[in-house]
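Visitor: Sharing a structure, written as C-alpha cells. Questions coming.
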Amino acid sequence: MISTTKLFINFIFLSSILFSYETSLFSFSRDCEGLSEDECVITQDCLWRDGLCLSNDFDNECQLIDNEEECFLIGCFWENDNCYRPESNEVPSCLDDCSGINELNLNENPDEACDWIVSIFGNIDPNFESCFIDCDEETVNGINEIVEDCLECLQNEDINCLELFDQDEEDWEGEEEDWEDGDEVNCEELEEEDCREFDYCYWNDDQCNYLENEEDWEDEEEDWDGEEEDWEDGDEVNCEELEEEDCREFDYCYWNEEGCAFVSDDENEGCSELTQDECTESEFCDWTFVTTPNGFFETCVESNNWNDDGGWDDGGNEDCDPNLMCGPALTCLDGFLYPTTCGPENCDLPIGPCDNGEDDGGNNVLCSDINNPFECIGSGCEWVGGNIPGAGYCFDETANDCDPNLICGEAITCWEDNFLYPTTCGPENCDLPIGPCEDEQECENGEVNNENPCNPQECFDGQWYEIVIDCAEEMGVPCENGEYVDPPEGECCSICVEYDNDPDATLYLGNTTAIPNSEVSIPFYINSNEPVGGLQFEIYSPLHGGSSGNFVNPSSIESMIDCFNIEYNVIDNSLLVIMFSLEGCTVDVGENYVANINYYIPESATLGQNIPVEFFNTIVSDQFGNEISSGGQSGSILVGIQGDINGDSFINVSDIVLAVSFAISSQQPSQYQMWAGDVNSDGMVNVLDIVTIVNMILG
1321 MISTTKLFIN FIFLSSILFS YETSLFSFSR DCEGLSEDEC VITQDCLWRD
1371 GLCLSNDFDN ECQLIDNEEE CFLIGCFWEN DNCYRPESNE VPSCLDDCSG
1421 INELNLNENP DEACDWIVSI FGNIDPNFES CFIDCDEETV NGINEIVEDC
1471 LECLQNEDIN CLELFDQDEE DWEGEEEDWE DGDEVNCEEL EEEDCREFDY
1521 CYWNDDQCNY LENEEDWEDE EEDWDGEEED WEDGDEVNCE ELEEEDCREF
1571 DYCYWNEEGC AFVSDDENEG CSELTQDECT ESEFCDWTFV TTPNGFFETC
1621 VESNNWNDDG GWDDGGNEDC DPNLMCGPAL TCLDGFLYPT TCGPENCDLP
1671 IGPCDNGEDD GGNNVLCSDI NNPFECIGSG CEWVGGNIPG AGYCFDETAN
1721 DCDPNLICGE AITCWEDNFL YPTTCGPENC DLPIGPCEDE QECENGEVNN
1771 ENPCNPQECF DGQWYEIVID CAEEMGVPCE NGEYVDPPEG ECCSICVEYD
1821 NDPDATLYLG NTTAIPNSEV SIPFYINSNE PVGGLQFEIY SPLHGGSSGN
1871 FVNPSSIESM IDCFNIEYNV IDNSLLVIMF SLEGCTVDVG ENYVANINYY
1921 IPESATLGQN IPVEFFNTIV SDQFGNEISS GGQSGSILVG IQGDINGDSF
1971 INVSDIVLAV SFAISSQQPS QYQMWAGDVN SDGMVNVLDI VTIVNMILG
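Numbers given in my numbering equal positions in the sequence shown, counted from 1, plus 1320.
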C-alpha cells in the first residue's frame, strides 16, 4: 500500500515537473544572517556573498547573476546566457518533447494522468531517445518513483490514483503548523530526521524520546552548551572518544564502521575510496551519478566536486594545462580513471571510476545486475525488452569491437557477460543478446539420459543432444538363419536369434487363446535325441512391443514330470526357468510334455492381439552335466477369437445362442462379447454376424 507520506512526496515532485520550476515552493526559510562562511556554504537556501551570508529566497536576485555556475548555486536557471527564475506555470524545457504533457488534468482524471505517465515516462525504446533524456539525474530518479507508484495504483483496485495528486501545499503547511503547535506530535513515533526538528524531542540511540519536562530540557541544553564551549577550545575533544551522536556534531569528526575519527586521518584515502554506506555517512562526501562527456557512472565524490545539476564540476581545476605532453595510458588518480598519465593536469575529464577488483559498494555494478530501465540507461548501459522495471534486461553496449562478417555456428550460446546470443560468436559478430543466461546448466557434461532407449540423449557443454540409434532390423539387415526378437527392457534394437539347424534337443511352446482379465496355460514340450538331466531357458513376452514397458509374465509354472523340480524368476521382464531332478531322474528320448506355464492376461491387453512367447538362451544338459545342443521354437497367445463369444477357445453352437440373444436385445454383451460377436466389425451383433459364425462352425 502506498503510504500517505510517499504519495505526497511524489505529488510534490510531479507537480513541480509538470507545472513549476519554483524550487522554493516547499522549502522552509532559514535565518542565514550571522552564519560563518563555512556554515553558510553547507546551509540550505543560504549564499555567501561579499563577506556576508545571505538568504537566496528572493526573486530579483537571479537577474543580477552573469555566470552559469553562480546562477545554479542560488537555485536559479540558466538559459540563453541569462539567469532567471521562470514563471510558475511554465513546463520545464527538458520535458518539451513529451507529447501531451500540457493537456493533463491531475485532479479530474487521475487514472488517465497515471496511464499517460507510465506510457510516456516508462516507455524507453532502446532504438530511440526518451522524451526526458535532457533532464538531470534528480528529475529522472523522481520520474522513476512516479512511474512505479502509478503502476501500483493502476494495478491495485484498493488504491485510488487520485491519492497521488489530491494533496496540496496547504495540507503540508497545515501539517507543519500542527507540529509547531506541539499538540499532536508524538516524539516516540518520529524518525531520526524529524525528531531533531523539535526542541522537546531528542534522539537517543535508535529511538526518539520526549524531554521529561522543560526544566530538564533547559538543564540539558545548558550542559550541552558548556560542553560545546569546552570542545570549541580544542583542548579536550578527541573524536575517537565520541559516541555517534556527538561525533556528527563536529565538522572535523566523522562516523564510520570503526567509530568516530578525525577527518584528517583519512585525507589520503579521499571520498572515492568509500563504500556507498560510508560515503552517505560522511559529511564531506556525496554518493551520486557523475556525468562527464565520457560517461555516466555512480561513485562517491567530495561534496565540492560536483555541481548542482549532477554533473562533474569541470571548473575546479584552474591550474591544468591542456598543452602538457602526456603518455597515452589509463591512469588512476583520486579514485578516477584518466586517459593519460597526466590525470587531470592536462584538463582531461575522468572516464570512469578506478576498478580495484573489490566490491566497493557500487562502483563495480555490472549492467546485467541492473533491473531498472532508468538506472540502466543512467549507468551507460542499454535497456532491451520491456518498457517498465522488471519487463526487460540491461546489458553493456560499450563492447563495440565486433565484426558483422564473422562466420559463426548457429547455436544459442551463453557468453561471459551472462547473456544468450543466437550464434557461437556471441556479441563478436555484432549480434544483440536474446535474453539472459539460465542460472544453472541443463545438465552435466557426459551425462546420459536413457529414458527412451531408442532416443537417448547425451550432455555436451550443458546442453542435451540426441544420439541417433541405427538398428539392424529397421535398416533392413536380415537375421541370417534365425529371427529378430524384441529387445530386453532398456535396449532399443531387436535381437537376431539364430536357429540351430540340427539341434539334439528342441524346446517349444504351444499356441493358445485367451481373453483379457483371465488366466491361460501354455503347454511346454521338449524333443530330445538324448536323455535330459536338466534344462534352462529364458522366455520374453512383450505385451505391446519391445519399448512400451508392458509385458506378460507368468503367474506360476507347473511340472508335468513328478521327479523334476522347477525354479523360476522374472528379471528385467524376462522369465528365467531352471528344471532339474534331485533324484537323478531324466526326461526320456523323444517328445515329452514337461510343464504348463500359466499366464495372466491383463485387462489392458488389446483384443485380437497376438502376444509372442519367445525362447532364447536355451541350455540342455544330459544326466552327467554335459551340454546337449539345443534351440527353442516360440509360441503365442491370441487375445480373443472372433466368433468365440463365450471365451472357451472354441466356436460352437453356444456362441450362436449368445449372438442371437444379443441381436434381439434380451442380453447385453460385455466389451469382449461385443467384440467377439461383431465378426464383420459394423458396430452391432445381428443376423449378418450369426450367419458368419454358423459358416465358421461348418467349416
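Glycine included, each C-beta is placed from N, C-alpha and C at the ideal position.
#1: Does the beta carbon of TRP1368 sit closer than 9 Å to a beta carbon anywhere in chain C?
#2: Is the Cβ-Cβ distance between ASP1689 and GLU1665 less than 9 Å?
#3: Name, in chain order, the residues that DSSP records as bridge partners for ASN1402.
#4: Figure out for me which residue from GLU1786, GLU1767, ASP1781, GLY1766 has the closest Cα to the Cα of TYR1775.
#5: Any idea what DSSP makes of TYR1572, helix, strand or coil?
#6: Please return the same chain residues whose Cβ sits closer than 7 Å to the Cβ of VAL1805, not counting the five positions on each side in sequence.
#7: The beta strand (DSSP E) that contains TRP1436, what's its start and end?
#8: Going straight from the alpha carbon of GLU1359 to that of PRO1430, what length do you get?
#9: For TYR1572, which of PHE1582, VAL1621, ASP1566 has the nearest alpha-carbon?
#10: Within 10 Å of its beta-carbon, does GLN1993 have 16 or more other beta-carbons around it, so buried, or fewer, so exposed?
#11: Assuming SER1879 and ALA1915 are in contact, meaning their beta carbons sit under 8 Å apart, how far apart are those beta carbons, in whole angstroms?
#12: Using the Cα positions of SER1985 and ASN2006, report the straight-line distance between them to the nearest angstrom.
#13: Look at the Cβ atom of ALA1825, then the Cβ atom of SER1954, and state whether they are nearer than 9 Å.
#14: Look at the Cβ atom of CYS1728, then the Cβ atom of ASN1749, and state whether they are nearer than 9 Å.
#15: Determine the burial state of SER1924: buried for a count of at least 16 other Cβ atoms within 10 Å of its Cβ, exposed for fewer.
#16: Assess contact between the region 1899-1913 and the region 1882-1889, defined as three or more Cβ pairs (one per stretch) separated by less than 8 Å. Is contact present?
#17: Taking GLY1700 and PRO1673 to be in contact with their CB atoms under 8 Å, please state how far apart those CB atoms are, rounded to whole angstroms.
#18: Note down the Cα distance separating PRO1798 from PRO1808, rounded to an integer number of angstroms.
#19: Starting from TRP1523 and walking both ways along the beta strand (DSSP E), at which residues does that stretch end?
#20: Could you pull the DSSP bridge partners for TYR1860 from this structure?
#21: Please return the same chain residues whose Cβ sits closer than 6 Å to the Cβ of PHE1441, not counting the five positions on each side in sequence.
#22: By DSSP, does PHE1970 sit in helix, in strand, or in coil?
#23: Which residue marks the beginning of the beta strand (DSSP E) containing ALA1825, and which one marks its end?
#24: Given this structure, state the Cα-to-Cα distance separating CYS1662 from SER1602, to the nearest angstrom.
#25: Can you grab the Cα-Cα spacing for the pair LEU1740 / GLU1508, in whole Å?
#26: Taking the straight line between their C-alpha atoms, what separation do you get for THR1595 and GLU1730?
#27: Provide the residue span of the alpha helix (DSSP H) that contains GLN1993, from first to last.
#28: Where does SER1277 fall in DSSP's three states?
#29: Taking ASN1529 as part of the alpha helix (DSSP H), name the residues at either end of that continuous run.
#30: Determine the extent of the alpha helix (DSSP H) in which CYS1646 is found, giving its start and end residues.
#31: Spatial neighbours of ARG1568 within its chain, please: CB distance less than 7 Å, with the 5 preceding and 5 following residues excluded, ordered by chain position.
#32: Do the CB positions of TYR1919 and GLU1839 come within less than 9 Å of each other?
#33: Please classify VAL1959: is it buried, with 16 or more other beta-carbons within 10 angstroms of its beta-carbon, or exposed?
#34: Could you compute how far the alpha carbon of GLY1963 sits from the alpha carbon of TYR1828?
#35: Look up ASP1723 in the DSSP assignment and say whether it is helix, strand or coil.
#36: Classify ALA1581 as helix, strand or coil using the three-state DSSP reduction.
Guide: Looking at the atomic coordinates:
#1: No chain C appears in this structure, which consists of one protein chain only.
#2: Against a cut-off of 9 Å, the Cβ pair of GLU1665 and ASP1689 comes out as no contact.
#3: In the DSSP output, where bridge partners are listed per residue, ASN1402 has GLU1399.
#4: Note on identity: in this sequence residue 1775 is Asn, with Tyr being the wrong assignment. Comparing Cα-Cα distances from ASN1775 to each of GLU1786, GLU1767, ASP1781, GLY1766, the minimum goes to GLU1786.
#5: Reduced to three states, the DSSP call for TYR1572 is coil.
#6: Cβ within range, chain order: SER1814, ILE1815, VAL1817, TYR1860, GLU1934, PHE1936.
#7: Per DSSP, TRP1436 is not a residue of any beta strand (DSSP E); the alpha helix (DSSP H) it occupies stretches across 1430-1441.
#8: Answer to the nearest angstrom: the Cα atoms are 43 Å apart.
#9: Looking at the Cα atoms, PHE1582 is the closest of the given residues.
#10: By the neighbour-count criterion, in which 16 or more other beta carbons inside 10 Å mark a residue as buried, GLN1993 falls on the buried side.
#11: Rounded to whole angstroms, the Cβ separation of SER1879 and ALA1915 is 5 Å, and the two are in contact under 8 Å.
#12: About 10 Å.
#13: No, Cβ-Cβ distance for ALA1825 and SER1954 is not below 9 Å.
#14: Between CYS1728 and ASN1749, the C-beta gap is smaller than 9 Å, which places the two residues in contact.
#15: SER1924 comes out exposed.
#16: Of all C-beta pairs linking the region 1899-1913 to the region 1882-1889, three or more are shorter than 8 Å, placing the two stretches in contact.
#17: Not really, about 12 Å apart at Cβ, beyond 8 Å.
#18: If you draw a straight line from the Cα of PRO1798 to the Cα of PRO1808, it comes to about 20 Å.
#19: For TRP1523, the uninterrupted beta strand (DSSP E) segment begins and ends at 1521-1524.
#20: Partner residues in the beta bridge of TYR1860, as assigned by DSSP, are SER1894, GLU1934.
#21: For PHE1441, where only same-chain residues beyond five positions count, the Cβ hits under 6 Å are ILE1463, VAL1467.
#22: Note: PHE1970 maps to coil in three-state DSSP.
#23: Its beta strand (DSSP E) spans residues 1825-1829.
#24: Cα to Cα, the separation comes out at about 29 Å.
#25: Distance between the alpha carbons of LEU1740 and GLU1508: 53 Å.
#26: Each residue's alpha carbon lies about 43 Å from the other.
#27: Its alpha helix (DSSP H) spans residues 1991-1997.
#28: This structure leaves residue 1277 out entirely; the chain is present only between 1321 and 2019.
#29: Looking at the DSSP string, ASN1529 is not in any alpha helix (DSSP H); the run it does join, the beta strand (DSSP E), is 1527-1530.
#30: CYS1646: not part of any alpha helix (DSSP H); DSSP gives it neither H nor E.
#31: TRP1575.
#32: Yes, the Cβ-Cβ distance between TYR1919 and GLU1839 is below 9 Å.
#33: Per the 10 Å Cβ criterion, buried.
#34: In a straight line, the C-alpha of GLY1963 is about 28 Å away from that of TYR1828.
#35: Here DSSP, grouped into helix, strand and coil, assigns ASP1723 to coil.
#36: Looking at ALA1581 - three-state DSSP - the assignment turns out to be strand.
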